[in-house]
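Engineer: Below you'll find the structure I mean.
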Amino acid sequence: MISRTEEGSPGAHRRDALQTVTGSTFASLVLAGEGPIAVEFMSYGCAHCRALEPILQQVATRVAAQERLFRVNIAVEDGLAGSYGIKGTPTLIMFLNGQEVGRVDGPRPTFESLLAAVTQPFEP
Amino acid sequence: MSLIERPIGDDPDALRALNPALDIWDAYATIHVLMPDGSIKLGGEAVAEVFRTLDKTKWLARCFAISVFGFRPFQLVLNVAYAILADVRPLFGCESCGTPSLWVRPIRWSIKKTKALFGKSHHNPVPHFSPLSAKARDVAA
Numbered sequence: 114m115i116s117r118t119e120e121g122s123p124g125a126h127r128r129d130a131l132q133t134v135t136g137s138t139f140a141s142l143v144l145a146g147e148g149p150i151a152v153e154f155m156s157y158g159c160a161h162c163r164a165l166e167p168i169l170q171q172v173a174t175r176v177a178a179q180e181r182l183f184r185v186n187i188a189v190e191d192g193l194a195g196s197y198g199i200k201g202t203p204t205l206i207m208f209l210n211g212q213e214v215g216r217v218d219g220p221r222p223t224f225e226s227l228l229a230a231v232t233q234p235f236e237p
Numbered sequence: 002m003s004l005i006e007r008p009i010g011d012d013p014d015a016l017r018a019l020n021p022a023l024d025i026w027d028a029y030a031t032i033h034v035l036m037p038d039g040s041i042k043l044g045g046e047a048v049a050e051v052f053r054t055l056d057k058t059k060w061l062a063r064c065f066a067i068s069v070f071g072f073r074p075f076q077l078v079l080n081v082a083y084a085i086l087a088d089v090r091p092l093f094g095c096e097s098c099g100t101p102s103l104w105v106r107p108i109r110w111s112i113k114k115t116k117a118l119f120g121k122s123h124h125n126p127v128p129h130f131s132p133l134s135a136k137a138r139d140v141a142a
C-alpha cells in the first residue's frame, strides 16, 4: 500500500549524495573526472529507481572518500541515454579516467549488492 | 474552486518551488492535490478532492464527506480502493511500476504460471529494471 512517511520517501534524504549531471556537464564531471566514478541512469517515474534511491544515497555516502556518484535523468538527457545504449532504468555505469569499466542493468536494491556494483569494477 | 492540472515533470527543484513538502519521487508514486492553504492531499483523499471540483462528480464527492461518529466510511473505501489499484498496477503490464507488493506477488506468480501453461510465458531476466518504451528507445537512439 502507498504510504508517505519521512523515512519511507526517497526524498527524505534532503542532503543529496548524488550530483545530477546533464548533457552539458557530463564531459567535464564524468569523462574528464579523476578517479572512480559511477553514474546512475535513471528517471523519476521509474519505481525501480525509487526503490534504489535511498540505498544509493547510503552507498554514495559510504564511498564518498574514494568514489563519486552521479545521476543522469534520461527523461531529460535522452542524448546521453542513446550514447551509452541505455535500454532501461536504473542502469549503473562505472567510469575510470573517462572510460567505461563496468555496467549493471537493474541492480538489486540492497546495500551489499549496490556497494559491490559500484566498487568491484575498480578493484585490481 | 477550480483544479489546475500540472504534469510532474523532471525537475525536483521546480516541484519543491510549488511547495517545499512536494517530493518528486512521491509525486510519481501517488496522486497529489495541493490545496490553496498549502496542505497536500494524497491517494484516495486526493481523488475525492478531484471529484469535488468536477461538475459531473460533485454529487459523488458528497458521499466521501459523510461522517458517522467521526468516521468517514465512503472515504475509507475510496482510500483502500486507490491503494489496491496502485498495488496491482504491475499486473496490468505497468513496466515502470516496479516490484509488486508482497500480497500481489502470489497473484503475479499464478498469472505467470497460467500464461506459461498456454505458451504465453514472458521471461524477464532482469528483475529490477524498467525497460525503456520503444518510443523512448527511438528518441535515445
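The listed protein sequences correspond, in order, to chains H and B. Going by the numbering used here, the first residue of the first sequence is number 114, and it counts up by one from there. Going by the numbering used here, the first residue of the second sequence is number 2, and it counts up by one from there. Beta carbons are placed, not taken as given, at the ideal position from N, Cα and C, and that holds for glycine. Quantities reported herein were computed from a predicted structural model and do not represent experimental measurements.
#1: Below 8 Å between beta carbons: does that hold for residue 53(B) and residue 47(B)?
#2: For my contact list, residue 151(H) and residue 205(H) are in at a C-beta cut-off of 8 Å; report their separation, rounded to the angstrom.
#3: Would you grab the beta carbon distance between residue 155(H) and residue 203(H) for me? Rounded to a whole angstrom, and I think it's under 8 Å.
#4: When the cut-off is 8 Å and only beta carbons count, does residue 132(B) lie next to chain H?
#5: Excluding five sequence neighbours on each side, which residues of the same chain lie with their C-beta closer than 7 Å to the C-beta of residue 108(B)?
#6: Should residue 231(H) go down as buried or exposed, given a rule of 16 or more other Cβ atoms within 10 Å for buried?
#7: Do residue 133(B) and residue 195(H) have their beta-carbon atoms positioned less than 8 Å apart in this structure?
#8: Let's test the definition: count the other Cβ atoms within 10 Å of the Cβ of residue 26(B) and tell me whether it reaches 16, buried, or not, exposed.
#9: What are the residues of the stretch 133-150 of chain H that lie near chain B, defined by any Cβ-Cβ distance shorter than 8 Å?
#10: Could you give the distance in angstroms between the alpha-carbon of residue 215(H) and the alpha-carbon of residue 199(H)?
#11: Tell me which residues of the stretch 26-42 of chain B have at least one Cβ-Cβ distance to chain H shorter than 7 Å, keeping chain order.
#12: Taking all protein chains shown into account, do 16 or more other C-beta atoms lie within 10 angstroms of the C-beta of residue 50(B), making it buried, or fewer, making it exposed?
#13: Which chain B residues sit within Cβ distance under 7 Å of residue 189(H)?
#14: In terms of DSSP beta bridges, what is residue 41(B) paired with?
#15: Can you name, in chain order, every residue of its own chain whose Cβ lies under 7 Å from the Cβ of residue 117(B), other than the five neighbours on each side?
#16: Apart from the five residues just before and just after residue 88(B), which ones in its own chain have a Cβ nearer than 8 Å to its Cβ?
#17: Going by DSSP in three states, residue 150(H) sits in which element: helix, strand or coil?
#18: Under 8 Å Cβ to Cβ from residue 9(B), same chain only, skipping five residues before and after it: list those, please.
#19: Check each candidate in 55(B), 4(B), 115(B) and name the one with the smallest Cα separation from residue 143(B).
#20: Following the continuous alpha helix (DSSP H) through residue 106(B), name the residue where it begins and the one where it ends.
#21: Tell me the DSSP secondary structure of residue 132(H) in three-state form.
#22: Could you name the residues of the stretch 212-232 of chain H whose beta carbon sits closer than 8 Å to any beta carbon of chain B, in the order they occur along the chain?
#23: Which residues in chain B have a C-beta closer than 7 Å to the C-beta of residue 210(H)? List them in chain order.
#24: Where residue 82(B) and residue 74(B) are concerned, what is the direct C-alpha to C-alpha distance, given to the nearest angstrom?
#25: Using a C-beta cutoff of 8 Å, does residue 166(H) count as contacting chain B?
Structural biologist: A quick look at the data gives this:
#1: Not closer than 8 Å, so no.
#2: Between residue 151(H) and residue 205(H), the beta carbon gap of about 6 Å places them in contact (Cβ cut-off 8 Å).
#3: Separation of the CB atoms of residue 155(H) and residue 203(H) is rounded to 5 Å, and the pair is thereby assigned contact status at 8 Å.
#4: Look at residue 132(B): its C-beta is under 8 Å from a C-beta on chain H.
#5: If you ignore the 5 residues before and after residue 108(B), its C-beta comes within less than 7 Å of the C-beta of 92, all in its own chain and listed in chain order.
#6: In the assembly as shown, residue 231(H) is a buried residue. Its beta-carbon has 16 or more other beta-carbons within 10 Å.
#7: Taking 8 Å as the Cβ cut-off, residue 195(H) and residue 133(B) do not qualify as a contacting pair.
#8: So residue 26(B) counts as buried.
#9: Flagged: no residues at all.
#10: Distance between the alpha carbons of residue 215(H) and residue 199(H) is about 13 Å.
#11: Considering only beta carbons, the part of the stretch 26-42 of chain B lying closer than 7 Å to chain H consists of 26, 27, 29, 30, 31, in chain order.
#12: The residue is buried, with at least 16 neighbouring Cβ atoms inside 10 Å.
#13: The contacting residues are 11.
#14: In the DSSP output, where bridge partners are listed per residue, residue 41(B) has 35(B).
#15: Closer than 7 Å at Cβ, skipping near neighbours: no residue.
#16: For residue 88(B), where only same-chain residues beyond five positions count, the Cβ hits under 8 Å are 101, 102, 104, 105.
#17: The answer is strand: DSSP assigns residue 150(H) an E or B state.
#18: Within the same chain, residue 9(B) has close Cβ partners 16, 25, 28, 29.
#19: Outside the displayed range of chain B (2 to 142) lies residue 143(B), so it cannot be described from this structure.
#20: Taken as a continuous stretch (DSSP letters only), the alpha helix (DSSP H) holding residue 106(B) covers 106-118.
#21: Collapsing the DSSP output to three states places residue 132(H) in a strand.
#22: Flagged, chain order: 218, 219, 220, 221, 222.
#23: The premise fails here: residue 210(H) is roughly 25 Å from chain B at the closest Cβ pair, so nothing lies under 7 Å.
#24: Cα to Cα, residue 82(B) sits roughly 12 Å from residue 74(B).
#25: With 8 Å as the cut-off, residue 166(H) counts as an interface residue toward chain B.
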